[in-house]
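As C-alpha cells, the structure follows; a few thoughts come after it.
4 protein chains.
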Amino acid sequence: MIKLTSFLIPPGFRVGDLPSGEKSSIQDIEGITVGHIQLIKGEGKLKVGQGPVRTGITMINPSSENVFQNPLTCSAFIANGYGKTAGLAQIKELGVLETPIFLTSTMAVGRVWEGAARFVFQQNPHLAVEGQTINPLVGECNDGYLNDLYGGHIQSRHVMDVARELSSDLVKGGSEGAGTGMVAFGYKGGIGNSSRIIDYNGCRFTLGCLVLANFGERKSLRINGIPVGKDLPTWEKNKNDGSIMVILATDIPLDNRQLQRICQRAPLGLGLTGSVLGHGSGDFVLAFSTTNIRSRTGELIYMSKKVREKGEFLNKVFQGVVEAVAQAVYDALLQAETMTGRDNRRVEALPVEKIMEILQGG
Amino acid sequence: MIKLTSFLIPPGFRVGDLPSGEKSSIQDIEGITVGHIQLIKGEGKLKVGQGPVRTGITMINPSSENVFQNPLTCSAFIANGYGKTAGLAQIKELGVLETPIFLTSTMAVGRVWEGAARFVFQQNPHLAVEGQTINPLVGECNDGYLNDLYGGHIQSRHVMDVARELSSDLVKGGSEGAGTGMVAFGYKGGIGNSSRIIDYNGCRFTLGCLVLANFGERKSLRINGIPVGKDLPTWEKNKNDGSIMVILATDIPLDNRQLQRICQRAPLGLGLTGSVLGHGSGDFVLAFSTTNIRSRTGELIYMSKKVREKGEFLNKVFQGVVEAVAQAVYDALLQAETMTGRDNRRVEALPVEKIMEILQGG
Amino acid sequence: MIKLTSFLIPPGFRVGDLPSGEKSSIQDIEGITVGHIQLIKGEGKLKVGQGPVRTGITMINPSSENVFQNPLTCSAFIANGYGKTAGLAQIKELGVLETPIFLTSTMAVGRVWEGAARFVFQQNPHLAVEGQTINPLVGECNDGYLNDLYGGHIQSRHVMDVARELSSDLVKGGSEGAGTGMVAFGYKGGIGNSSRIIDYNGCRFTLGCLVLANFGERKSLRINGIPVGKDLPTWEKNKNDGSIMVILATDIPLDNRQLQRICQRAPLGLGLTGSVLGHGSGDFVLAFSTTNIRSRTGELIYMSKKVREKGEFLNKVFQGVVEAVAQAVYDALLQAETMTGRDNRRVEALPVEKIMEILQGG
Amino acid sequence: MIKLTSFLIPPGFRVGDLPSGEKSSIQDIEGITVGHIQLIKGEGKLKVGQGPVRTGITMINPSSENVFQNPLTCSAFIANGYGKTAGLAQIKELGVLETPIFLTSTMAVGRVWEGAARFVFQQNPHLAVEGQTINPLVGECNDGYLNDLYGGHIQSRHVMDVARELSSDLVKGGSEGAGTGMVAFGYKGGIGNSSRIIDYNGCRFTLGCLVLANFGERKSLRINGIPVGKDLPTWEKNKNDGSIMVILATDIPLDNRQLQRICQRAPLGLGLTGSVLGHGSGDFVLAFSTTNIRSRTGELIYMSKKVREKGEFLNKVFQGVVEAVAQAVYDALLQAETMTGRDNRRVEALPVEKIMEILQGG
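Protein chains in written order, with this note's numbering: chain Y, 1 to 362; chain F, 363 to 724; chain R, 725 to 1086; chain C, 1087 to 1448.
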C-alpha cells in the first residue's frame, strides 16, 4: 500500500469552488483510517478458481475507538439498488454504524462479511456470552470484467490483513484495494477520494468522500459537467454497467434525518460525471458523522449536539456533497493505471492529456 | 394562452444526443393536453390581499378519457420534501393518477385542491351517491418573490377556467400559468417542456417532461453541465431557494416499480442545471404512463403489457429522463420574459447571448 | 363541545397493563389542547349541497407556543395510503410539525388546508414579507356514509371556529368534531383518546393518542384482541372500508428516527381491534414529541436532549403505543352515540353490554 | 428431516375463518419445496468454536425452475430492521427473487451467502463468462440463547446439504432447520407454516406462509389475539428480544406494488400473537408470487397477468395474510419440542394444555 502526502488535480478536473481539505481525502476527517489489500495473480484466459485474479479489499475505519462499543450516527440511500451491499437494514433502523466499512468484489460479500464479523468479535469477545450480534457493513462492485469473479480468491482471513494496513496517512487510490479490478467510463477506475471544507459563521467543518467507482459509459463521461465523452474513442466492451459505492464522512454533528439528506445529494455528483444511474449499477451511498458517537451505556436521557436547520448552511453542505462525490470519481480515474486482466482484457488509464485538450479546445 | 408550433433551442443549450419529439413537449405524448391561466394585476408595494398579483395555474390532463374512471399508472419521488404537493400518499399506495395534474402557487394549494375536486366531481357525479372520494394531484412552487403569496387571489373557480384552456397544440411556457411568478437561477423561470424519443429494436417510444422551475442560485447555473453561473453577474436577492415540480410522461407501458426508477433519475437532470437540491427547495417528481390505463371495472385477472427489464433499453430511457429534465429547465428559462412584481422587484429574462458567449469563449 | 373529567372503561375493554394517564387522553401531555366543531343539519334523502350534513373538524394544538415559530419534532408513517392527508412530505424531510393538526371530512381537505394556512398566517404575518410558506397538516376520513360528502358544508372559516374551542380540559370524543359522521366496525365511530404512562428507572413519561376511527368490518371486530365480531349481527352496508388517523404525542425527547419507530408500531394496535389495513382504508400515523422544540433562530450548533437506544425502555414505549392505539379506538366506539344521517341511514352505538356478554360468556 | 401429511391445530389456536390449504403450509403453493438441516452437538458450558451447537439452515425453493433464469416477482417490508438479512436492496430495485431463500443463524449469514452463491453458480456456470452477479437471499434470527453463535459451525458447504433435503412433501417445523435453536415467547420456537385459501368469484388462490419465529416476551403472548401470557409462569431469561422472518408466497399474479401491500399486513398477524415489534427484533417480511415468472430473455414488450385493484378481493387477501402469519407462529410453537443448549439452558415446549385451560377457563 503506497502512502502519499498529496495528489495533484489537473486543470479542468476541479469541481466547484469550495476549498478542499489537506489530503483531499476522507482521511481529512479526524480519526478516519483507510487500508487496502490487493490480490493480483495470473494472466490470460479465465479459469474459474485459478484466475486471472485482479481484486482486493478496502477498509475504512470510521474512528479510533472500538466502533462496536461507540457506534457512529449513520444513514444510507440507495440510488439504484442493483447491488449486494450488506448491513443497510439495521443502519436504517438504529441509525448507527457499528463496524468498519469494507468494500470488495461482488461475489466476495459473504466471505468478507464473515471476516468482518470475526474481526469485530475479536475486539468484543463478550458478545458471545451475551449472545449479541454484529452488523457488518460490506459494500461491493463487480470486478468481473478483469477478475475471476467466481474464483473465491478473497478469503475471510484477508479481512485481518487489510485491518493491518489501516493508516491515517493518505493512501493511494485508483487500482488499490477493492479498486484493483474496477472499470469506470471504459477506463481504469477504482478508489477515489476527495474532501471539502465548510466554513460558516466562524465554524469550520470537513466533509470527506471515498468512492469505489466501477460505473459509467465512456461516451457519457463528463468532467465537471462538461460532456467530453462523445469526443473520446468508443469503448463498448463492458456490457454490465457497473456500480458505485459512495462513502461520505463528516465532523458536522448531523442526526440521522440530516445525514439522509446528505446521502440524497450524492447522485447529483454522479450526474456531473455522466452517470444516469444505469440499470445494472448498484449505486449505494452511506454517510456518517464522527461527532456525537453514541455509547451503548449510560443514562437514558443525555445531551447531544444538534445542527439547526439553517438553509444557508445546509446548502453549503449539499454543495460540498455534490462537489466531493464528483471529485472523488475523478480522483479514482486519475489515480488508476492501465491494467490487463482476464482473457487479456486491457483497460486503459484515463487519457488525461487528451481530455484536457477536449476541455480547452472543445 | 399563446399556442406555438415549435420553439428553437439556441446552440449550447441542447442536452445529450437522444432525438427530441416534434413539439419538444410533454404534449408529444398522444392524448396529453396542457392549459394555463395567468393572474397579473397591480404594481408597487406589497399589500396582502391587494397585490401585486403575479401568479397562475397550469393544468396537465394526462389523457382524453375520463381520468377518474380510467386512471393511469403513476409513481412519484420526492428528491427534497420541502413542499406541499397534495395527493402523493394515495398515488404511492394505489399506483394510479386519477385526476389531472394542477400546478400553482404554494399558498393556493387548498383552493386549487378544492377546485380540482369539484372539477372531477362534475364529471363523475355518481361519486356522491357511492360516497367515494377523489384524490386531486396539486403541485406548487413558491412565487412569493414577485407575487402576493398570501393574498388569496387564486380561487377554486379558476380551476374551471384553466380546464377550458386545455389544448393538444403546443402551448407557450415560461411565465405562463403557474410559471407566472417563478424565478430560477436568479432569472425569470416558470414552465418548461421537452421530450426525447427512445428507439429500441424497432420500437419507438416517447418520453415527455414538463417542469415548473423555481429553483437554483445564479452562481451555480450550469448549461448542459457547463458551469456558466460563476461568470454571470451576482444575484442574491431571493433568500428562499425555491422548488421544482417535474412531471414525466411516457407511452412506454412501465409498471409502478419501473416508473419509480424513472422518477429517481430526474434529480440528475436537475444536477446538470446546477441544482444541489437546496434545503428550501421542494423537488418533487411524478411519472405516469399513458399505456395500460387501469379501468376500475372488469375481470379480476386481466392481461396487461409489461416491459422486460433489459438494461440496454432502460439505460436509454434513463438517459432520456436526465436529458429531458435538464432540457425542460432550460426551456423554462429560455421562454420566460423579464417580469416586475411586488415591491417593484424585477427579475430579468435569461441573458441568452451573454451565456452563449460564455459557452463559446469560456 | 362537552368537557369531561374522566371517562370509564367497561370491563374487558382495557388493553394491556401499562397505567393510563389522568385523562386517558392525548391531553395528558402538557400543553396539548383539543377542540371540536360539529356541523349537523337536515335529514332524509341526500341532495348534494343541501345535506343531510353530519360532519365537523377536530383540531389538535400541540403546544401552547406559536407552533410555526417553535415547531415540534415529528414523524409519520403511512400504513395504507388510500387517503388524502396533506403535509406529510415536508414533515418527512424537515422532521417538524409547524402547524396545529386538523382532522376533517375527506372532501373538505382543500378548504380546511386554506383555513389552516390563514390561521397560522394571522399569527405570523411577517411570512408575507419574507415570502415564506406554511405547511398545514390536514388529515381526513370519509364520512360519506352519513354525510353529504360533496356538499361543501365545511368552509375554510370554520377553522377559526374550531380554534376558539381549543381546551386543555378533557373534551368529549365519539361523534364530536371530525368524528361526527364516522363509522367504525359497522357502529358509530369517531374521535377516541387514550394515554399510557411509561415508568423507567425513575423517569416518568406520558404517551398520548387521539384517533379518528372510521374503519373496520363488524365481523372482524376484536376487543383487546378477542374476536367478538363474529358473534355480532352482520352489517355489510358500508362498502367503502373507511380509514383511520392516528395521532401520537409524547413528552419523551425522541428524535425523528425514533418517532418513526413509534409510528410503525401503531398498526399493531389497529390489528388488536380487528383491522387488516383494508384496501380502501387510509391508515395514517403521526407522532410528535413535545420536548426538544426546535426554534427557527439561534446558534447553528446547540445541545439537545436525546434518548439512548435502550431495548428495555423502548419496548415499554412500543407496548404503550400498541396499547394506546387500540384503547383509543375503543374509546371512540364507546363514546359515540347512535346517529342517523343521509338517506335515513342509521348507525348504532356500540352494543357494550352485548359485547361484555360475549367477552364473558364466550 | 421428518415428513408429515398433516398437523393438527388444537382448539383455540385457529386464527380467523378463511379455509386452510391441504398441508397448512407454504408448500400448498404449487412448485414450492422446503428443506432443513440441523446441527446439534455437545452439551454444557459454552466454549466458542466447540459448542454446544444448536443451529441449522432452512431452504425454501420458490419454484421447480432454475430460479436465476426465471426469477419470481417479489417484494419485501422491514417492520423492524434490527437484523442482517442480505439481498433486499436488489429485490426492492428489480422486484424479483433470483435465488432460493435461505434462513439460518445470525452470525452464519456470510457463510450461507457464500454457499448460496456457489449453489446458484453451479446451476448457472455461464455467469462467470458474462461476469454477471447473483443476489442470494439470506435471512436470519439470533439463536445465541441456546447455540454457540460465534462458533462458526455452519459452513458454506452446508448449503449443498440442505439443497439435497428439498421436498414438496410437508416437512416438519418447530426445531428443524434454522429453527433448531430459536426461542419464541419464552418457549421453544422455530419454523412454522400455514396457508389460507382465497375464493373469489369462482377464482381460487392460495396464500402460504413460513416463519422463523424467535421473538416475543412470554407475558405478552396472545393466542388468536387473546392475552394468555399474563397467566403463564414468568420467564425473563432472554434479554435479546429476538426476531422473526416471515416468508409469504402466493399464486395470485400480484405485481411488486401489490406484493408490497401484502407484506405490510404481516405485522398485524404478529400483533395478534403479542408482538410489539420489539426494539431488538429483526422483523423482516418477504412476499413472492409464483405466477408471472419473469424470464430474462424474450421480447421487450410482453403480456402479463395482472390483478385488478378490487377492494373486496384484496381485503380477503389481506385478511389471509394476517391470519396466515399468526397461524404460522403458533405452528412453530406447537411443533417445537423442549430443547437444552448452551450453559445447560433449557427452553420448554409450549404448554398447550395449560394454554387451552386459560383459553377456556379464562
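Note that CB positions come from ideal geometry on N, CA and C, so glycine has one too.
- In this structure, R:Gly993 places its C-beta atom within 7 Å of the C-beta atom of R:Ala1050.
- The Cβ atoms of C:Gln1209 and C:Asn1152 lie closer than 7 Å to each other.
- Within the same chain, and ignoring the five residues on either side of F:Glu384 in sequence, the residues whose Cβ sits closer than 7 Å to its Cβ are Asp390.
- Per DSSP, the continuous beta strand (DSSP E) segment holding F:Lys667 begins and ends at 663-669.
- Taking 7 Å as the cut-off, the Cβ atoms of Y:Phe215 and Y:Ser194 do not count as close.
- The three-state secondary structure of Y:Leu94, taken from DSSP, is helix.
- Counting along the chain, R:Met1080 sits inside the alpha helix (DSSP H) bounded by residues 1076-1085.
- Legend: CB atoms of the segment 1397-1412 of chain C lying less than 7 Å from CB atoms of chain F belong to residues Phe1399.
- Only Ile802, Asn804, Gly805, Tyr806, Gly807 from the segment 773-807 of chain R bring a Cβ to less than 7 Å from some Cβ of chain F.
- For R:Arg981, there is no enclosing beta strand (DSSP E); the enclosing alpha helix (DSSP H) covers residues 980-997.
- Closest in C-alpha terms to Y:Tyr82, from the list Y:Val317, Y:Gly320, Y:Gly280, comes Y:Gly280.
- Within 10 angstroms of the beta-carbon of R:Ser1019 lie fewer than 16 other beta-carbons, which makes it exposed.
- Within chain Y, no residue has its CB atom less than 7 Å from the CB of C:Lys1127, the nearest being about 17 Å off.
- A Cβ-Cβ contact shorter than 7 Å links F:Thr652 with F:Gly393.
- Bounds of any beta strand (DSSP E) do not take in F:Arg707, whose DSSP letter is neither H nor E.
- Nearest to Y:Glu130 by C-alpha distance, out of C:Asn1310, C:Gly1102, C:Val1134, is C:Val1134.
- DSSP places R:Ser891 within a strand segment (E or B) once states are collapsed to three.
- Sequence-distant Cβ neighbours of C:Gly1237 in its own chain, meaning closer than 6 Å and more than five residues away, are Val1134, Gly1135.
- Here the alpha carbon of F:Gly406 sits roughly 39 Å from the alpha carbon of Y:Arg261.
- Counting along the chain, no alpha helix (DSSP H) covers Y:Gly177, and no H or E run does either.
- Taking CB atoms only, Y:Asp161 has no neighbour in chain R less than 7 Å away.
- A residue is called buried once 16 or more other Cβ atoms fall within 10 Å of its Cβ, and F:Glu715, having fewer, is exposed.
- At a cut-off of 7 Å, the C-beta of C:Glu1179 has a neighbouring C-beta in chain Y.
- Our two residues, R:Met1080 and R:Asn948, have alpha carbons roughly 12 Å apart in a direct line.
- Within its own chain, the residues whose Cβ lies closer than 6 Å to the Cβ of C:Asp1317, once the five positions on either side in sequence are excluded, are Ile1444, listed in chain order.
- Residue environment: C:Asp1255 is assigned as exposed (fewer than 16 neighbouring CB atoms within 10 Å of its CB, all protein chains considered).
- Per DSSP, C:His1122 is one residue of the beta strand (DSSP E) stretching across 1119-1127.
- Taking CB atoms only, Y:Pro267 has a neighbour in chain F less than 7 Å away.
- For R:Ile753, no Cβ of chain Y is located within less than 7 Å of the residue's own Cβ.
- Annotation: the continuous alpha helix (DSSP H) that includes C:Glu1398 extends over 1397-1421.
- Y:Gly298 has its alpha-carbon roughly 13 Å from the corresponding atom of R:Gly1035.
- Cβ neighbours of Y:Gly42 within its own chain (closer than 7 Å, five residues either side excluded): Gln50, Gly51, Pro52, Val53.
- Taking C-beta atoms as the reference points, C:Cys1349 and C:Ser1161 count as a pair closer than 7 Å.
- In the three-state reduction of the DSSP assignment, Y:Thr99 falls in the coil class.
- Within the same chain, Asn70, Leu72 come within 6 Å of Y:Ile293 by CB-CB distance, once the 5 residues on both sides are set aside.
- Here R:Ala1060 is actually not in contact with R:Gly905; their C-beta atoms are around 11 Å apart, not less than 8 Å.
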